[in-house]
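Worksheet: the structure to be examined is printed underneath.
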Amino acid sequence: MNAITSYLDSQPLFSTDGLLRFSINDIPLGWIEPKVAQLLQSFSAHFQSSAQQIELRIAASEIQAQMDAAAMYLRTQGFIKAWRNERYAVHPFHANGELNTEITLFTLERGAFRRFGLCSKAVHINGICTDGSLWLGKRASTKGIDPNRLDNLAAGGIPYQESEFDCVVRELAEEAGIHAELAKQAVFCGELRTQRNEIDGTHDEVLYCYDLLLPDTVVPFNTDGEVAGFQRTSIQAVITLLPSMTWDAGLVTAKLLQKQGY
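What the sequence shown shows, in the UniProt record's numbering, is residues 1 to 262, in sequence order.
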């Protein structure tokens with residue numbers, strides 16, 4: 001077993017032990033801890049629980065308002081700390097478990113997604129140099145999630161009503177100072193699904209992965225305060241640094257290296 005395979009095997013596995021399936025009107029959407037389910041039941045009679053699930057039963061026209069109010073209630077109870085004032089789309093799943101992004105059931109505050117175990121979407125961009133080395137970013141110490149850990153050239157969640165590719169271009173500009181003309185050369189290279197148990201709920205996300213070839217004259221620089229700096233890193237060094245990356249960025253990078261034959 002090589003180092004990359006070993007790293008991938010070390011990625012956390014998601015467990016539903018001790019969790020309740022969260023559904024809305026018979027549509028399964030996420031996972032919730034029993035203590036959160038109890039709070040939701042005390043908040044509204046529309047939240048109904050059994051031994052294995054908690055379900056919101058309400059008219060479709062009222063889902064948006066009820067979920068917004070429930071998220072705000074959990075915030076006041078101290079269960080949602082990182083309130084971002086940014087909305088994500090909530091999509092149902094196909095029968096095969098894949099996210100059905102053609103349907104948006106409602107939108108919700110980004111910071112509430114983990115508490116409800118909802119599946120979000122994000123872009124991750126590999127910055128590839130002409131000699132094959134990679135540009136890695138280091139997350140700022142002020143980041144609420146994974147401060148100071150290594151990351152891809154750019155990455156970020158996809159807000160409601162922003163397209164996947166527009167998010168790529170925006171994140172490259174904000175996080176790495178890459179101008180739009182170059183950013184638009186990013187090439188889609190596949191999607192990954194990551195799911196794990198976290199202290200603040202369930203992290204469930206579809207990662208849309210892109211590769212961007214950077215000329216030697218381009219040196220990334222941060223513009224939004226979310227990245228402490230960048231390092232151009234040889235492939236062998238990247239392999240040793242995989243455990244220092246965020247779980248999502250490490251997964252994206254490891255899959256890139258495997259594709260390249262390492």
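A virtual CB, placed ideally from N, CA and C, is assigned to each residue, including glycine. Everything numeric in this text was worked out from a predicted model, so none of it was measured.
### Query
Roughly how many angstroms lie between the CA atoms of Q195 and S120, to the nearest whole one?
In the sequence shown, residue 195 corresponds to position 195, counting from 1. In the sequence shown, residue 120 corresponds to position 120, counting from 1. Going by the C-alpha atoms only, they are around 10 Å apart.
### Task
Can you tell me which of I4, I54, A89 puts its alpha carbon nearest to the alpha carbon of S163?
Sequence index remark: in the sequence shown, residue 163 carries index 163 (1-based). S163 has its Cα closest to that of A89, out of I4, I54, A89.
### C-alpha gap between G127 and L213, whole angstroms
Indexing the sequence shown from 1 puts residue 127 at position 127. Indexing the sequence shown from 1 puts residue 213 at position 213. Those two C-alpha atoms are separated by around 6 Å.
### Task
Express the C-alpha separation of G132 and P215 in angstroms, rounding to a whole number.
Here the question's residue 215 lines up with position 215 in the sequence shown. Here the question's residue 132 lines up with position 132 in the sequence shown. So the two alpha carbons sit approximately 11 Å from each other.
### Query
Does DSSP classify L207 as helix, strand or coil?
As a position in the sequence shown, residue 207 is number 207, starting the count at 1. Reduced to three states, the DSSP call for L207 is strand.
### C-alpha gap between I199 and R170, whole angstroms
Along the sequence shown, one-based indexing puts residue 199 at 199. Along the sequence shown, one-based indexing puts residue 170 at 170. About 30 Å.
### Query
Considering only residues of the same chain and omitting the five flanking positions on each side of A154, which have a CB-CB separation below 6 Å?
As a first step, residue 154 must be located in the sequence shown, where it is residue number 154. Taken in chain order, the residues that qualify are I125, E171, L172, E175, A176.
### Task
Could you tell me the boundaries of the beta strand (DSSP E) in which W31 lies?
Taking the first residue of the sequence shown as position 1, residue 31 is located at position 31. Where W31 is concerned, the enclosing beta strand (DSSP E) stretches over 27-32.
### Query
Below 8 Å between beta carbons: does that hold for L108 and L118?
Residue numbering aside, residue 108 sits at position 108 when the sequence shown is read from its first letter. Residue numbering aside, residue 118 sits at position 118 when the sequence shown is read from its first letter. Yes, Cβ-Cβ distance for L108 and L118 is below 8 Å.
### Query
Under 8 Å, do M67 and F22 count as touching if we go by C-beta distance?
As a working mapping, residue 67 is identified with position 67 in the sequence shown. As a working mapping, residue 22 is identified with position 22 in the sequence shown. In this structure, F22 does not lie closer than 8 Å to M67 by Cβ.
### Message
With the cut-off set at 8 Å, would you say I239 and I4 are in Cβ contact?
### Response
For the purposes of this step, residue 239 is identified with residue 239 of the sequence shown, where counting begins at 1. For the purposes of this step, residue 4 is identified with residue 4 of the sequence shown, where counting begins at 1. Yes, they are a contact pair.
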